[in-house]
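Each remark here refers to the structure printed beneath this line.
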Amino acid sequence: SSWWKSVQPAAKDPILGVTEAFLADHSPDKVNVGVGAYRDDNGKPVVLECVREAERRIAGNLNMEYLPMGGSMKMVEETLKLAYGENSEFIRDKKIAAVQALSGTGACRLFADFQKRFLPDSQIYIPIPTWSNHHNIWRDAHVAQKTYHYYKPESRGLDFAGLMDDIKNAPNGSFFLLHACAHNPTGVDPTEEQWKEISHQFKDKGHFAFFDMAYQGFASGDPERDAKSIRIFLEDGHQIGIAQSYAKNMGLYGQRVGCLSVVCEDEKQAIAVKSQLQQLARPMYSNPPVHGALIVSSILGDPDLKKLWLKEVKVMADRIIGMRTALRENLEKLGSPLSWKHVTDQIGMFCYSGMTPEQVDRLTNEYHIYMTRNGRISMAGVTTGNVGYLARAIHEVTK
Ligand code: PMP
Numbered sequence: 030s031s032w033w034k035s036v037q038p039a040a041k042d043p044i045l046g047v048t049e050a051f052l053a054d055h056s057p058d059k060v061n062v063g064v065g066a067y068r069d070d071n072g073k074p075v076v077l078e079c080v081r082e083a084e085r086r087i088a089g090n091l092n093m094e095y096l097p098m099g100g101s102m103k104m105v106e107e108t109l110k111l112a113y114g115e116n117s118e119f120i121r122d123k124k125i126a127a128v129q130a131l132s133g134t135g136a137c138r139l140f141a142d143f144q145k146r147f148l149p150d151s152q153i154y155i156p157i158p159t160w161s162n163h164h165n166i167w168r169d170a171h172v173a174q175k176t177y178h179y180y181k182p183e184s185r186g187l188d189f190a191g192l193m194d195d196i197k198n199a200p201n202g203s204f205f206l207l208h209a210c211a212h213n214p215t216g217v218d219p220t221e222e223q224w225k226e227i228s229h230q231f232k233d234k235g236h237f238a239f240f241d242m243a244y245q246g247f248a249s250g251d252p253e254r255d256a257k258s259i260r261i262f263l264e265d266g267h268q269i270g271i272a273q274s275y276a277k278n279m280g281l282y283g284q285r286v287g288c289l290s291v292v293c294e295d296e297k298q299a300i301a302v303k304s305q306l307q308q309l310a311r312p313m314y315s316n317p318p319v320h321g322a323l324i325v326s327s328i329l330g331d332p333d334l335k336k337l338w339l340k341e342v343k344v345m346a347d348r349i350i351g352m353r354t355a356l357r358e359n360l361e362k363l364g365s366p367l368s369w370k371h372v373t374d375q376i377g378m379f380c381y382s383g384m385t386p387e388q389v390d391r392l393t394n395e396y397h398i399y400m401t402r403n404g405r406i407s408m409a410g411v412t413t414g415n416v417g418y419l420a421r422a423i424h425e426v427t428k
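Using full-length UniProt numbering, the first residue of the sequence shown is number 30, and each one after it goes up by one.
Structure below.
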């Protein structure tokens with residue numbers, strides 16, 4: 030109609046576009062290592078056994094009532110324990126303002142909106158590279174963006190010096206977005222020692238750390254270990270914010286269940302902050318969806334189901350780590366003169382391979398292998414069945 034004359038088609042999302050192209054390809058050899066969702070060794074999506082069991086238990090006494098604006102408090106309570114620790118003093122002293130969010134994306138967006146509303150002139154420092162949606166989220170929340178160094182192409186590892194310099198050179202009291210573990214897309218995380226240095230530098234500068242934790246448990250297989258960065262900051266007395274997601278670590282992608290939390294001075298401030306977070310949610314979506322939250326609280330609230338979940342997260346993480354080893358070994362066996370050490374050094378769902386956009390294009394056009402042009406391989410799409418083919422193709426286009 031004439032109302033929408035000026036509307037042009039939006040640019041394609043770089044990640045979702047890959048899946049579309051993959052689906053349109055009819056080659057029997059085709060491989061999708063673009064999508065950031067876990068697959069089993071047969072390339073099939075997985076519903077965890079703990080989730081199936083939780084659903085059976087829920088089915089009997091399910092109603093469809095609204096959750097409160099802040100979401101399921103039982104789910105939030107359990108979720109905070111995962112991030113802050115079972116016996117966290119911040120939880121005990123009720124210093125955390127926390128609400129259920131629409132998965133990790135929704136938690137980031139709610140925080141960005143909160144930041145804009147109460148500190149309208151503040152900026153956010155975002156790592157280069159990062160999950161591309163981070164830029165969209167803070168842009169749409171009208172928060173000005175700055176970037177900081179993170180990745181060093183030469184070593185395919187962390188640019189620690191660049192990162193520390195940027196932290197030092199940022200104006201005191203700046204906001205930084207940090208990936209708590211399993212950095213997307215690079216798979217490069219600071220070591221524990223480096224996190225300690227980062228935390229000290231943040232302290233010196235009075236910066237605010239906002240942790241996006243989309244992969245807790247998915248990096249090492251142990252959610253406690255993957256929360257180390259956060260625990261270091263908490264020990265140093267930082268008042269941080271965290272976005273948590275159950276998309277990856279519980280396989281609840283489409284359920285959109287997550288949590289936003291902000292550490293406050295005291296209980297009174299936490300109550301105020303939470304009420305404002307709810308106020309932001311109200312005109313957007315009123316209240317979050319109930320089903321995923323019920324699944325999460327049923328699992329984490331039951332010692333046996335929680336144990337099963339921990340086992341299943343570890344199975345997923347271990348399969349990915351195993352595929353990293355297999356990919357590297359295959360490339361080395363083929364006699365690739367390049368170093369593929371970074372494939373096993375990097376952690377989490379993604380391997381930032383260092384391949385150029387042109388090499389990726391060749392993988393797609395000649396070998397029916399689909400991935401984003403930044404060279405990011407989703408290790409979750411690599412299987413015993415396709416790792417040899419993938420290695421041969423990578424070897425061919427990089428030699
Ligand atoms: N943050 C990062 C770094 C991610 O990789 C993702 C998922 N790709 C998310 C947040 C959000 O995912 P979701 O909204 O599905 O929880």
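Each residue gets a CB set at the ideal place from its N, CA and C atoms; glycine is no exception. Please read all numbers here as calculations on a predicted model, not as lab measurements.
I need the straight-line Cα distance from residue i to residue j, nearest angstrom please.
i: Ser258; j: Val36; result: 44 Å
i: Ile261; j: Asp390; result: 41 Å
i: Gly135; j: Lys428; result: 42 Å
i: Asn201; j: Ser228; result: 14 Å
i: Leu109; j: Ser368; result: 40 Å
i: Phe51; j: Gly72; result: 14 Å
i: Gln144; j: Glu84; result: 36 Å
i: Glu358; j: Ile44; result: 28 Å
i: residue 18; j: Ala66; result: Any question about residue 18 goes unanswered here, given that the chain covers just 30 to 428.
i: Lys370; j: Gly383; result: 12 Å
i: Pro332; j: Lys343; result: 17 Å
i: Arg86; j: Gly330; result: 12 Å
i: Leu306; j: Pro156; result: 25 Å
i: Val372; j: Met378; result: 11 Å
i: Ala130; j: Ala422; result: 41 Å
i: Ile350; j: Lys34; result: 50 Å
i: Gln268; j: Gly404; result: 36 Å
i: Lys362; j: Leu392; result: 19 Å
i: Gly186; j: Ala248; result: 16 Å
i: Gly266; j: Pro219; result: 20 Å
Provide the residue span of the beta strand (DSSP E) that contains residue i, from first to last.
i: Ser274; result: Gly270 to Ser274
i: Lys175; result: Ala173 to His178
i: Ser290; result: Gly287 to Val292
Would you say the beta carbon of residue i comes nearer than 7 Å to a heavy atom of ligand 1?
i: Tyr179; result: no
i: Thr134; result: yes
i: Asp241; result: yes
i: Asn92; result: no
i: Ala322; result: no
i: Ser407; result: no
i: Gly65; result: yes
i: Tyr314; result: no
i: Ser274; result: yes
i: Trp167; result: no
i: Trp160; result: yes
i: Gly287; result: yes
i: Tyr396; result: no
i: Tyr154; result: no
i: Asn71; result: no
i: His208; result: yes
i: Asn403; result: no
i: Tyr418; result: no
Would you kindly report the start and end of the unbroken alpha helix (DSSP H) that includes residue i?
i: Cys137; result: Ser132 to Phe147
i: Ile328; result: His320 to Leu329
i: Tyr314; result: Glu296 to Tyr314
i: Glu82; result: Glu78 to Ala88
i: Pro252; result: Pro252 to Asp255
i: Gln230; result: Glu221 to Lys234
i: His55; result: It is not in any alpha helix (DSSP H) - His55 carries neither H nor E in the DSSP assignment.
i: Tyr95; result: Where Tyr95 is concerned, there is no enclosing alpha helix (DSSP H), given that its DSSP letter is neither H nor E.
i: Ala112; result: Met102 to Tyr113
i: Phe247; result: Where Phe247 is concerned, there is no enclosing alpha helix (DSSP H), given that its DSSP letter is neither H nor E.
i: Thr373; result: Lys370 to Asp374
Just list the residues that DSSP pairs residue i with in beta bridges.
i: Asp241; result: His208 and Ala272
i: Ile398; result: Val60
i: Ile157; result: His178
i: Tyr418; result: None; Tyr418 has no bridge partner.
i: Ala355; result: Answer by DSSP bridge pairing: none, since Ala355 is not bridged.
i: Gln129; result: Cys288
i: Ser407; result: Phe379
i: Gly186; result: Lys181
i: Pro74; result: Arg68
i: Gln152; result: Ala173
Worksheet item: Are the stretch 239-256 and the stretch 109-121 in contact at 8 Å, needing three or more beta carbon pairs?
Response: yes
Discussion item. Would you call the stretch 404-419 in contact with the stretch 296-312, where contact means no fewer than 3 C-beta pairs closer than 8 Å?
Written reply: no
Worksheet item: Do the stretch 220-227 and the stretch 166-180 touch if we need at least three Cβ pairs shorter than 8 Å?
Response: no
Worksheet item: Is it true that the stretch 227-243 meets the stretch 201-216, where meeting means three or more beta-carbon pairs spaced less than 8 Å apart?
Response: yes
Fill in: Three CB pairs or more closer than 8 Å across the stretch 321-330 and the stretch 148-166
no
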